[in-house]
Amino acid sequence: LERVISEVKNADKSDSNNMHHHEPYRLITKNGDIKWVLDTTYIRRSKAGKVMFREGIVYDITKQRKAEESLRKSESFLAQMSKTAKIGGWELDAKELTVEATDEVFSIYEIAPGKSRKMEDGTIYYHPDDRQKVIDAVQNAIQHGTPYDHEVRLITAKGNNRWVRSICKPTLSNGVTIKLSGTLQDITDRKTIEENLRKSEALLAKTNKITKIGGWELHVEQLRIDWTDEVYYIHELELGKSPNLEECINFYHPDDRQKIMDAVQSAIDYGTPYDHEVRFITAKGNHLWVRAICLPVIVNGVTVKLSGTFQDVTSRKKAEISAQHHLQLLEQKNKELNQFAYIASHDLQEPLRTVSNYVELLNWKYHDKLDEDSSLYLSYITHSVDRMRDLLHALLEYTSIGKSDKEPTLVNCNDILEHVRNDLSVQLGEKKVKLKINKLPEVRGYEPELRSLFQNLISNAIKFCKPDTIPEIDISVKKETNQWIFAIKDNGIGIEENYKEKIFVIFQRLHNQDSYKGTGIGLARCLKI
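Taking our numbering, the leading residue of the sequence shown gets 1255, the next gets one more, and so forth.
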């Protein structure tokens, strides 16, 4: 209202023109409707220039304004959609080879908006490997009216690499192309996703090939089977020649076929998944082991599809079977070894006792008739028999390690060391051993064997001490994740690096009997415990 009144007043004051056009304005009708009108006013003045009266025409432009508003909204929406979709429009004058484009096209090229650019201005931004393709397509469209739809690479004015989709539709007049119209869309995001997907699929295919695993689906209603390539390779079938369900079942070994049939039927009827390793015969007659996994897809309580994986596990199964066979052989060998050790350590005790008794009888009956050499020989025999007896006794103890039927119990290591200290009190006293025992934990194990372990190691530390040196033995422990690490250190003669494995082998000794007495089983016993 205020604008219209102001325009009327200004028109009255003006003496330059008696006809005035008002800007469109809104009226409120008697019925309360709002209409847009355009008002043209003619002013009649006296000779003195005074306004005598006015006359004019009022145009109802409501429909026009609504159409303009609708068009404006459409254009705004289209502009927003173009920006969101990164798509713009362009036109090429076929004669002048000049191009006009929307702002979004310039945005894609990352150059300032402009008008009537030469065709070459746009083609220079295309990737060198794709540039000729674009030029040929444009020239073909101009010369022959051939449309095109290409996805090509371009390098923007700022040096960024992009993928674009360029669509062209020629406009012909009398068989001659007069212009090319089209769109240019930035499809970089889609191409990146496609490339990543391609790489992922290639990696998955490579992984499946390495692990010999493929995927499959059984559509229950149609009993249609879909396979990935690797499943075909395992079956040794040509790609695409997928058999029906019955033919698939027949590839399984006769002894395992019913197991798979029951599993499939149970999956369909009750939605029960399965994971089976069974034998398999390929189309070329090769025998394999396969792992078949199935996960039913259930909709509204009904199984509509079975999905799963199919893997060639022949190498692993052969290794497992071989390992099981070797384990059985090892168990048999261990059994035989234990029997031999028992015989060697138990049954041989009797002849040793006989030899020992007769040597003792000779000494008693003929001690005054034997010369010095004969007495020496008999002492050698006695010494050897005693050593043999000790060896057999140690061997019997060694073979008995780990044969307890009892369950491990919680053992207090401090109590064990106290017993060991009492058992070795004479040796500790004679050598004046400095035995340091730190606070030890409770561990789960076998008390007699742990006691033997500590006693053997401490005895060794006392036995292999340096001459004219007071033995020092330090027993400590530290917690490490889910285990205890024990250490028994001493100041003895030590062990050379190249002998650190040899000394733990049964009957292996680094010193002769004259230097250090023993059976050569002590550390082997410790290792076995």
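The beta carbon of each residue, even a glycine, is placed where N, CA and C say it ideally should be.
Return the Cβ separation of residue i and residue j in integer angstroms, given the expectation that the two are a contact with Cβ distance under 8 Å.
i, j, result
"valine 1532", "valine 1551", "Valine 1532 to valine 1551, Cβ: 23 Å. No contact."
"isoleucine 1409", "tyrosine 1379", "6 Å"
"glutamate 1701", "isoleucine 1742", "The pair is not a contact, with the Cβ atoms about 18 Å apart (cut-off 8 Å)."
"isoleucine 1432", "leucine 1426", "7 Å"
"glutamate 1345", "valine 1353", "7 Å"
"leucine 1560", "valine 1665", "Not quite, the Cβ-Cβ distance comes to about 54 Å (not below 8 Å), so this is no contact."
"valine 1406", "valine 1392", "Valine 1406 to valine 1392, Cβ: 12 Å. No contact."
"arginine 1416", "isoleucine 1362", "7 Å"
"isoleucine 1311", "threonine 1283", "Going by Cβ atoms, the distance from isoleucine 1311 to threonine 1283 rounds to 18 Å, so no, they are not a contact pair."
"threonine 1563", "isoleucine 1467", "6 Å"
"lysine 1340", "aspartate 1440", "4 Å"
"alanine 1395", "leucine 1458", "40 Å between Cβ atoms; not a contact."
"lysine 1690", "aspartate 1728", "5 Å"
"lysine 1513", "histidine 1489", "Wrong, their Cβ atoms sit about 18 Å apart, outside the cutoff."
For residue i, which residues of its own chain have a beta-carbon under 7 Å away from its beta-carbon, when the five flanking residues on both sides are left out?
i, result
"leucine 1606", "Val1639, Met1642 and Arg1643"
"alanine 1778", "Tyr1652, Phe1758, Val1759 and Ile1760"
"proline 1662", "Arg1698, Gly1699 and Tyr1700"
"glutamate 1703", "Ile1655 and Ile1783"
"leucine 1707", "Cys1780 and Ile1783"
"tyrosine 1402", "Ala1391, Ala1395 and Cys1422"
Just tell me which of the options has its CA closest to the CA of residue i.
i, options, result
"glutamine 1709", "Cys1667, Val1759, Lys1693 and Ile1724", "Cys1667"
"cysteine 1548", "Glu1604, Gly1469 and Lys1717", "Gly1469"
"arginine 1688", "Glu1651, Leu1664, Gly1746 and Leu1650", "Inspection of the sequence shows that residue 1688 is occupied by lysine rather than by arginine. Among Glu1651, Leu1664, Gly1746 and Leu1650, the Cα nearest to that of lysine 1688 is on Gly1746."
"lysine 1732", "Glu1750, Val1697, Ala1355 and Arg1675", "Val1697"
"valine 1556", "Gly1656, Val1609, Leu1542 and Tyr1524", "Tyr1524"
"leucine 1645", "Thr1295, Gln1603 and Leu1682", "Gln1603"
"tryptophan 1290", "Arg1298, Arg1280 and Arg1299", "Arg1280"
"serine 1496", "Lys1513, Arg1511, Leu1477 and Ile1514", "Leu1477"
"proline 1508", "Pro1662, Phe1534 and Leu1711", "Phe1534"
"glycine 1436", "Gln1593, Asp1347 and Leu1615", "Asp1347"
"asparagine 1588", "Ala1395, Glu1684, Asn1617 and Ile1655", "Ile1655"
"leucine 1650", "Ala1321, Asp1601, Leu1583 and Asp1480", "Asp1601"
"glutamate 1501", "Thr1536, Asp1287 and Ile1288", "Thr1536"
"glycine 1776", "Glu1750, Asn1752, Glu1684 and His1647", "His1647"
"alanine 1411", "Gly1429, Gln1582, Gln1737 and Gly1376", "Gly1376"
"proline 1278", "Ile1315, Ser1260 and Val1262", "Ile1315"
"leucine 1292", "Gly1413, Val1430 and Tyr1313", "Tyr1313"
"alanine 1546", "His1579, Gln1582, Tyr1506 and Glu1585", "Tyr1506"
"threonine 1636", "Lys1685, Leu1616, Asp1625 and Glu1626", "Leu1616"
"asparagine 1504", "Tyr1753, Gly1539 and Ala1521", "Gly1539"
"phenylalanine 1740", "Lys1754, Lys1572 and Leu1694", "Leu1694"
In chain order, what residues of the same chain have a beta carbon less than 6 Å from the beta carbon of residue i, not counting five sequence neighbours either side?
i, result
"asparagine 1692", "Ser1730"
"tyrosine 1486", "Leu1493"
"methionine 1273", "Tyr1296"
"threonine 1610", "Looking at the sequence provided, one finds serine at residue 1610 rather than threonine. Counting only Cβ-Cβ distances below 6 Å, and skipping sequence neighbours, we find Val1639."
"leucine 1542", "Phe1534, Asp1566 and Thr1568"
"threonine 1356", "Gly1342 and Gly1343"
"cysteine 1719", "Pro1725 and Gly1746"
"lysine 1320", "none"
"aspartate 1480", "Glu1471"
List the residues that DSSP assigns as beta-bridge partners of residue i.
i, result
"phenylalanine 1307", "Arg1298"
"arginine 1419", "Glu1405 and Gln1439"
"phenylalanine 1360", "Its beta-bridge partners do not exist; DSSP assigns none."
"tryptophan 1565", "Inspection of the sequence shows that residue 1565 is occupied by glutamine rather than by tryptophan. Ile1467 and Arg1545."
"tyrosine 1279", "Val1291"
"arginine 1478", "His1473"
"leucine 1689", "Ile1727"
"arginine 1698", "Leu1664"
"tryptophan 1344", "Ala1355 and Gly1436"
"tryptophan 1738", "Lys1733"
"aspartate 1314", "Val1291"
"lysine 1720", "The partner list for lysine 1720 (beta bridge, DSSP) is empty, contrary to what the question assumes."
"valine 1430", "Ser1427"
"tyrosine 1380", "Leu1408"
"aspartate 1744", "Ile1727"
"lysine 1263", "Answer by DSSP bridge pairing: none, since lysine 1263 is not bridged."
"leucine 1560", "Leu1472 and Pro1550"
"methionine 1642", "In the DSSP output, where bridge partners are listed per residue, methionine 1642 has none listed."
Can you list, in chain order, the residues of its chain with a C-beta nearer than 8 Å to that of residue i? Leave out the 5 residues immediately preceding and following it.
i, result
"lysine 1660", "Tyr1700"
"valine 1359", "Gly1342, Gly1343, Trp1344 and Leu1438"
"leucine 1678", "Gln1709, Ile1712, Ser1713 and Ile1716"
"valine 1787", "Any answer about residue 1787 is impossible in this case: the structure gives the chain only from 1255 up to 1783."
If you measure from the beta carbon of residue i to each beta carbon in chain C, is any gap under 8 Å?
i, result
"lysine 1317", "No chain C is part of this structure, which consists of one protein chain only."
Exercise for review: Output the residue ranges of the beta strand (DSSP E) runs that lie fully inside the stretch 1503-1557 and measure 3 residues or longer, sorted by chain position.
Suggested key: 1528-1535 and 1541-1553
Point to revise | Whole beta strand (DSSP E) elements within the stretch 1585-1617, 3-residue minimum | key: none
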